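Numbering (full-length UniProt numbering), first residue to last: 1 to 395.
Using N, Cα and C, we set each Cβ at its ideal position, and we do this for glycine too.
Quantities reported herein were computed from a predicted structural model and do not represent experimental measurements.
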């Protein structure tokens, strides 16, 4: 008997998390002799949330695992690809195709989109924070704002988007990194004394692990920071998680603490901030002296990217519903300016009209007749791919 309200891997693979009308559709296809009717279905997004100009395409590995073993061919952009919703001339940009008998994959539209939509939203917000943070540390602290069953997915998507590490044990294991964290307010409260809590924390941290003290529980942040600096000889950094009701100007607090640390010969002690840090807060905090950021809810509860799956060919004949573009297409991207072009399948490879670069075809075959034909990439490899693209983006 299951303890929690979550679907098992088998339930997902068996199509039990799909919308009921897909099961009815399969029965209709079977009854009308259409079980072998072949279609081409594409995955696109009509618009981004929050006026974003670009997104990060993730969730692909889980999508491949879902469709592997089904009698279909799948083409997809590489996981971690930065994309636009529309090409230069307004055509929706396909990021994935599924080709085969519709009967064989109709059940999987719902979980497939769930994998892609949720992960891509998290990775995109993580990447947006990464751009703002530049070379400063960025840690994902958001799993407490999500269902624990998906903590590894949330942390994987956060890491791929650009976070340096994650806080959950299960998430870090899935990624292949060490979990990162500091100390909770609870540990200070149970001691009832910040100095005692700092000493106990210092003694408990394994040798070689960075010691970062939480310095805002009982008294003024500057006082607690200096107490931590004098109590923990090998202090790596301090974290400020000051609640908004006590915060005032957080950049001013950071500046004051940086001054005090420098004045007392503690220039090597880093300052980390967390607690509702918004993208637009980052620049001022860096200017004030912040060395790193812990971001939680904004990343883990990111808006999803609203992908849809639409049939665009039936038995080789171009067709679509209103608002979509019929026919199988190729997706191209300029490697220099990262702008997109979409062409009918078989059309010549376009040249970027802005910089003259020969554009690159993004869709590659990942499943052939149900068999996986590409190797799985590690989260670290996907993350490097994302980071390589970010400097070329505008907006």
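Residues near residue i by beta carbon distance below 8 Å, same chain, minus five either side
i: residue 258; result: 271, 288, 289
i: residue 82; result: 54, 55, 56, 57, 127, 338, 386, 389, 390, 393
i: residue 66; result: 12, 13, 108, 111, 112, 115
i: residue 309; result: 41, 42, 43, 98, 109, 112, 113
Buried/exposed call for residue i, threshold 16 Cβ in 10 Å
i: residue 263; result: exposed
i: residue 4; result: exposed
i: residue 62; result: buried
i: residue 323; result: exposed
i: residue 182; result: buried
i: residue 133; result: buried
i: residue 97; result: buried
i: residue 347; result: exposed
i: residue 379; result: buried
i: residue 317; result: exposed
i: residue 152; result: buried
i: residue 64; result: buried
i: residue 375; result: exposed
Strand pairing of residue i, partner residues [DSSP]
i: residue 81; result: 57
i: residue 273; result: 240, 293
i: residue 44; result: 308
i: residue 367; result: 74, 372
i: residue 86; result: 92
i: residue 344; result: 329
i: residue 392; result: None; residue 392 has no bridge partner.
i: residue 99; result: 40, 73
i: residue 212; result: 237
Beta-carbon spacing of residue i, residue j below 8 Å
i: residue 160; j: residue 300; result: no
i: residue 266; j: residue 234; result: no
i: residue 26; j: residue 106; result: yes
i: residue 175; j: residue 156; result: yes
i: residue 140; j: residue 117; result: no
i: residue 261; j: residue 205; result: no
i: residue 406; j: residue 269; result: A question about residue 406 goes unanswered here, because the residues of the chain that appear run from 1 up to 395.
i: residue 326; j: residue 342; result: no
i: residue 285; j: residue 75; result: no
i: residue 194; j: residue 227; result: yes
i: residue 80; j: residue 282; result: no
i: residue 180; j: residue 158; result: no
i: residue 185; j: residue 217; result: yes
i: residue 384; j: residue 37; result: no
i: residue 84; j: residue 340; result: yes
i: residue 199; j: residue 296; result: no
i: residue 50; j: residue 293; result: no
Residue closest to residue i, alpha-carbon to alpha-carbon, out of the options
i: residue 377; options: 77, 44, 34; result: 77
i: residue 143; options: 42, 167, 120, 364; result: 167
i: residue 208; options: 190, 277, 178; result: 178
i: residue 353; options: 363, 223, 335; result: 335
i: residue 250; options: 199, 71, 278; result: 278
i: residue 366; options: 308, 18, 10, 71; result: 71
i: residue 201; options: 172, 173, 8, 236; result: 236
i: residue 298; options: 23, 89, 129, 368; result: 129
Neighbourhood of residue i by C-beta, 6 Å cutoff - its chain only, sequence neighbours within 5 removed
i: residue 6; result: 149
i: residue 305; result: 45, 55, 117, 120, 121
i: residue 94; result: 42, 44, 329, 331
i: residue 275; result: 241
i: residue 15; result: 107
i: residue 319; result: 326
i: residue 124; result: 55, 56
i: residue 307; result: 43, 45, 113, 116, 117
Own chain partners of residue i with C-beta closer than 7 Å, once the 5 adjacent residues on each side are dropped
i: residue 86; result: 92, 93
i: residue 221; result: 215, 240, 242, 253, 257
i: residue 219; result: none
i: residue 406; result: This structure does not reach residue 406, given that the chain is present from 1 up to 395, and the question cannot be answered.
i: residue 358; result: 349, 351
i: residue 104; result: 70, 71, 72
Cutoff 8 Å: residue i Cβ touching any chain B Cβ
i: residue 23; result: Among the protein chains of the structure shown there is no chain B, as only one such chain exists.
Heavy atom of the ligand ATP within 7 Å of residue i beta-carbon
i: residue 360; result: This structure simply doesn't include the ligand ATP, nor any ligand for that matter.
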